[in-house]
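Q:
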Amino acid sequence: MSPQELHVVTGAFGYSGKYIAARLLARGHRVRTLTNSGTRGNSFGGKVEVHPLAFDRPQALTDSLRGASVLYNTYWVRFNHKAFSRNQMIARPTLLGPPAADTGANYYGMGITVGTLNGKQMLSHGGGQNGTSTLLLSLPQSGVVVAVMANRDGWSQLGELTNKIAELAAP
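Note that numbering that gives the first Met the number 0 numbers the sequence shown so that position 93 is 92, with each residue one more than the last.
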């Protein structure tokens, strides 16, 4: 990825998205966010271009993604909300794939968790489908990457095992 590439981050003013956006800006990339929280505080001083996250308008969504090299999708909902159910929200991120492909975006990432493990920055992603679970954990400063896969439901249960492996592998 070269500087000045356009990177799109869903929810760049939210919990995970703000860390992704900050790193991209620090590396000289252009950043655009897709958000339904346009009134949320923008700590980037206008450096992040704001577009609506318009799931109900596929063409507008495609237009908002046009020119992007990478789409980082941090959009997810844990609990039911008064305006929508969690099940409705689970289906929505899949709507980002076709518009991203239509615009020629090279990369698509979804659901990266930013945290710490023993004081070191940690990035992780977990998921699964129909009796399988996976969890990927990275400690970027240490160069440690751990992937755990299991023939079982419940990727969150893999967290303790993955963390212990990363702790053993990290210098």
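Built from N, CA and C at the ideal position, the CB exists for glycine as well. Only a predicted model underlies this, so the values are computations on that prediction, with no experimental measurement involved.
1) Extract the residue ranges of the beta strand (DSSP E) inside the stretch 45-70, only unbroken runs of 3 or more that lie entirely within it.
2) G27: buried (16+ other C-beta within 10 angstroms of its C-beta) or exposed?
3) Run the CB neighbour count on G16, radius 10 Å, all protein chains shown included, and call it buried at 16 or more, exposed below.
4) Where does the unbroken beta strand (DSSP E) through A146 begin, and where does it stop?
5) How long is the line joining the alpha carbons of N105 and S68, rounded to whole angstroms?
6) Between R39 and the rest of its own chain, which residues show a CB-CB distance below 8 Å, the 5 nearest in sequence each way excluded?
7) Just to confirm my understanding: we take Q3, look at its own chain, exclude 5 residues before and 5 after, and list those with CB closer than 8 Å. What are they?
8) Short of 8 Å in beta carbon distance, which residues of its chain neighbour K46, apart from the five on each side in sequence? Order them along the chain.
9) How far does the alpha helix (DSSP H) with S15 in it extend, from its first residue to its last?
10) For V145, does the count of other Cβ atoms within 10 angstroms reach 16, so buried, or fall short, so exposed?
11) S174 bridges to which residues according to DSSP?
12) From G142 to A169, what does the alpha carbon distance come to, in whole angstroms?
13) Can you give me the C-alpha to C-alpha distance between D62 and R56, rounded to a whole angstrom?
14) Would L116 pass as a contact of N162 if the rule is Cβ separation under 9 Å?
15) By how many angstroms is the C-alpha of E166 removed from the C-alpha of S132?
16) Measure the C-alpha to C-alpha separation of P139 and G118 and round it to an integer number of angstroms.
A: Reading from the atomic positions:
1) As far as the stretch 45-70 is concerned, its whole beta strand (DSSP E) runs of at least 3 residues are 47-51.
2) exposed
3) Residue burial is scored here from C-beta neighbours: G16 has at least 16 other C-beta atoms within 10 angstroms and is therefore classed as buried.
4) 143-149
5) Here N105 scores only 47 on pLDDT, less than 50, and its place in the model is too uncertain to base an answer on.
6) Taken in chain order, the residues that qualify are F12, G13.
7) G27, H28, R29
8) L24, V30
9) 14-25
10) buried
11) As shown, the chain starts at 0 and ends at 170. That puts residue 174 outside it, with no answer to give.
12) 8 Å
13) 10 Å
14) yes
15) 21 Å
16) 12 Å
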